[in-house]
Amino acid sequence: LSIIGNIQQQGFRVSFDLASNRVGFAPRGC
Amino acid sequence: ASAAALPFQTFSPTSLPRPLAFPESEEALQEDYSPASLGLFHVDDVYYSGADASPELLFQFRLRRDAIRVRDLSAAVVEAAARNVSGRARDFSSSVTSGLSQGSGEYFTRIGIGTPPRYVYMVLDTGSDVVWIQCSPCTKCYSQTDPVFDPRASTSFLGVSCASPLCRRLDSPGCNNRQKCLYQVSYGDGSFTVGEFSTETLTFRRTRVDNIALGCGHDNEGLFVGAAGLLGLGRGKLSFPTQAGPRFGRKFSYCLVDRSATAMPSSVMFGDSAVSRNSVFTPLLTNPKLDTFYYIGLTGISVGGSRVPGVTPSLFKLDSSGAGGVIIDSGTSVTRLTRPAYVALRDAFRIGAYHLNRAPDFSLFDTCYDLSGKTEVKVPTVVLHFEGADVSLPASNYLIPVDTSGRFCFAFAGTMSG
């Protein structure tokens, strides 16, 4: 198993669109 | 159709009818109907059968009844419409801060628990499902920033009975001598929480979300620190997004701020506005053996603008037995890659950063640099290639300070064998 951890997610708005089964990344999302 | 095409039709006016004589005996009622059919009568024939009431009066009764019925139907529609407005998926949010200043490598959100709401820090965790909070009386509680939650002070706290379907949703439900459902959650680092399973109201800023299954933890041990509990944002049946998903259209997002104590808080958002318009998307994958984790497809990694040759999609494949794959987790700090992928990535980075002074290893990091006295350095770019989405990381997401003397380490690690 590989894990994308929270240090690498910093600054991105990470969205979980469970209705459309997708994960999104938006830079400078904070 | 042919009748509708005619300009006129024949009408035979008849005056108001008297009620029909309604059959009085059960036998008479059943006589004319087969076992598969039922009689259908006009209400006036039933109520006023044999009554000495004029047809005009009965007709007025009927119109009056009709007016009442129309009023009730209209009121029902208005009420339902109003309910739709208040029950519609409304967006809500709460703040996100780094737990570092409270000794935690995780991220915290601040939400209200119970009625009236007591605001506490909760770990934001996409890698687990159960929502829980430390509860008094404590058999064993770790140190937390806010006062420990007392369920007796909340009017919305409700224990779950052992026979409840909610209790059976737990992986391994327990039952105490008061027939109250007991939960326990164990985490990969050996930490655990045990207590009474309940339902409670959570408040996000000013938005109340009622009846959320909540573990009321009386024995909480391990590496927890600072936060009052954990907001399980996983994909399983007891997670907050699964429980409350219909309230917010099954969309949520968070932004994890820089870990420095001075950083402004960010937010976790629920609802349509949670999804940013400038997002790049990758499909969510499913592990048929495990419903908690959010799996995504990692196809490669670039360093310094070139794909790392040894980092192939096969190293990240989620196989049919449920092994392997890549999950995205807000509760894990450092990204872990399968060992061959990590070694290839690390070697490529070392080559790209050959001009930087190496420093001794630190903890799980084997690629560190001495950047003391430097105000600016050039470092190779790192891009994660997901299916359909390339994510270019800021340098601060992969070169992190590990002490105050200017030592920075490459913040990836390999998975351990065994």
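Residue numbers (our numbering), protein chains in the order written: chain A, 1 to 30; chain L, 1001 to 1418.
For every residue, glycine included, the Cβ atom is placed at its ideal position computed from N, Cα and C.
Everything numeric in this text was worked out from a predicted model, so none of it was measured.
{"Item": "List in chain order: all unbroken beta strand (DSSP E) runs of 3+ residues lying wholly within the region 1290 to 1372 of chain L.", "Value": "1290 to 1296, 1298 to 1303, 1326 to 1328, 1335 to 1337 and 1368 to 1370"}
{"Item": "Just to confirm, is the Cβ distance from GLY1331/L to ASP1125/L under 9 angstroms?", "Value": "yes"}
{"Item": "Cα-Cα, which of LEU1/A, ILE3/A, GLY5/A and GLY11/A is closest to SER1396/L?", "Value": "GLY11/A"}
{"Item": "I'd like to know if ASP1150/L contacts chain A, where contact means its C-beta is closer than 9 angstroms to some C-beta of that chain.", "Value": "no"}
{"Item": "Cα separation between LEU1399/L and ILE1111/L?", "Value": "32 angstroms"}
{"Item": "Can we say the region 1263 to 1280 of chain L touches the region 1347 to 1362 of chain L, given the rule of at least three CB pairs closer than 8 angstroms?", "Value": "no"}
{"Item": "On the criterion of 16 or more Cβ atoms from any shown chain inside 10 Å, does LYS1374/L qualify as buried, or is it exposed?", "Value": "exposed"}
{"Item": "From the DSSP output, in three-state form, read off PHE1240/L for me.", "Value": "helix"}
{"Item": "Three-state secondary structure (DSSP) at CYS1255/L?", "Value": "strand"}
{"Item": "Identify whether LEU1214/L lies in helix, strand or coil by the three-state DSSP scheme.", "Value": "strand"}
{"Item": "Would you kindly report the start and end of the unbroken beta strand (DSSP E) that includes CYS1181/L?", "Value": "1181 to 1186"}
{"Item": "Applying the 10 Å Cβ sphere with the 16-neighbour rule, what's the burial state of THR1201/L?", "Value": "buried"}
{"Item": "For ASN1140/L, which residues does DSSP report across the bridge?", "Value": "Looking at the sequence provided, one finds Lys at residue 1140/L rather than Asn. In DSSP, LYS1140/L forms a bridge with ASP1219/L."}
{"Item": "Along the chain, where does the alpha helix (DSSP H) containing PRO1165/L start, and where does it finish?", "Value": "1165 to 1168"}
{"Item": "Taking the alpha-carbon positions, what's the SER1094/L to SER1320/L distance?", "Value": "37 angstroms"}
{"Item": "Answer with buried or exposed for TYR1369/L, where buried requires no fewer than 16 other C-beta atoms within 10 angstroms of its C-beta.", "Value": "buried"}
{"Item": "Indicate the three-state DSSP secondary structure (helix, strand or coil) for ASN1287/L in the structure shown.", "Value": "strand"}
{"Item": "In the DSSP assignment, find the unbroken beta strand (DSSP E) run with GLN1134/L in it and report its ends.", "Value": "1132 to 1134"}
{"Item": "By Cβ distance, which residues of its chain are closer than 6 angstroms to LYS1317/L, with the 5 residues on each side in sequence left out?", "Value": "GLY1324"}
{"Item": "Under the three-state reduction of DSSP, which class applies to ARG1277/L: helix, strand or coil?", "Value": "coil"}
{"Item": "In this structure, how does DSSP classify PRO1151/L when only helix, strand and coil are distinguished?", "Value": "helix"}
{"Item": "Under a Cβ-count criterion, where at least 16 other Cβ atoms within 10 Å of its own Cβ denotes burial, should ALA1080/L be classed as buried or exposed?", "Value": "In this prediction, ALA1080/L scores a pLDDT of 49, lower than 50, which makes its location untrustworthy; the coordinate-derived value is nonetheless stated afterwards. Label assigned to ALA1080/L: exposed."}
{"Item": "THR1109/L and VAL1257/L - do their beta-carbons sit closer together than 9 angstroms?", "Value": "no"}
{"Item": "Please name the residue in LEU1356/L, VAL1209/L, THR1415/L and ASP1189/L whose C-alpha comes closest to that of LEU1223/L.", "Value": "ASP1189/L"}
{"Item": "Would GLY1249/L and CYS1135/L qualify as a contact pair, given that the criterion is a beta-carbon distance under 9 angstroms?", "Value": "no"}
{"Item": "Tell me which residues share the same chain as GLU1387/L and place their Cβ nearer than 7 angstroms to its Cβ, disregarding the 5 neighbours each side in the sequence.", "Value": "THR1282, PRO1283, GLY1297 and THR1299"}
{"Item": "Pull the bridge partners of ARG1118/L from the DSSP assignment, please.", "Value": "ILE1113/L"}
{"Item": "What number of angstroms, rounded off, separates the C-alpha of VAL1271/L from the C-alpha of SER15/A?", "Value": "For the sequence presented, residue 1271/L should be read as Gly rather than Val. Those two C-alpha atoms are separated by around 10 angstroms."}
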